[in-house]
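Numbering (this note's numbering), first residue to last: 240 to 332.
No residue lacks a Cβ here, since even glycine has one placed at the ideal position from N, Cα and C.
A short worksheet on the structure shown next.
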Amino acid sequence: ADAICDFYRNYQSQRYVNGQLVLRMLRGPDDDMLELLNDEFSDIVVAGRIERVGPSPSEIADNDASTLDRISFEFNRRHFGRLRQLINKLNQL
240 ADAICDFYRN YQSQRYVNGQ LVLRMLRGPD DDMLELLNDE FSDIVVAGRI
290 ERVGPSPSEI ADNDASTLDR ISFEFNRRHF GRLRQLINKL NQL
């Protein structure tokens, strides 16, 4: 039970929106942490950077967690262990 509670300490859910992986959380990263995430996890980003985003029109239309903070990036869809490490880092916020 502790592992599940830890997994959802800050991270809440994810969704693909227009090819971008959107991670939703209670507390998003500040500018310094966002820079650190980009440095540390650039290997799982296909193009561009990890960025803070607002809810997409499709999320709003679906009433899908529109109050949560979000980061978005083009995930390589191969290194799921590294994605889990990113989620663990977000849970430390």
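Backbone CA spacing between residue i and residue j [nearest angstrom]
{"i": "L265", "j": "F312", "result": "18 Å"}
{"i": "L275", "j": "N330", "result": "14 Å"}
{"i": "R321", "j": "E279", "result": "10 Å"}
{"i": "G287", "j": "Y247", "result": "27 Å"}
CB of residue i within 8 Å of CB of residue j, strictly
{"i": "N315", "j": "V285", "result": "yes"}
{"i": "L273", "j": "I289", "result": "yes"}
DSSP-derived helix/strand/coil call for residue i
{"i": "F319", "result": "helix"}
Supposed close pair residue i, residue j - CB separation, criterion 8 Å
{"i": "S305", "j": "V256", "result": "The Cβ separation is near 13 Å, so there is no contact."}
{"i": "L323", "j": "R263", "result": "Looking at the sequence provided, one finds Arg at residue 323 rather than Leu. That pair is no contact at about 16 Å."}
Element boundaries [beta strand (DSSP E), containing residue i]
{"i": "D308", "result": "D308 to F312"}
{"i": "L262", "result": "Q259 to M264"}
{"i": "S252", "result": "Y250 to V256"}
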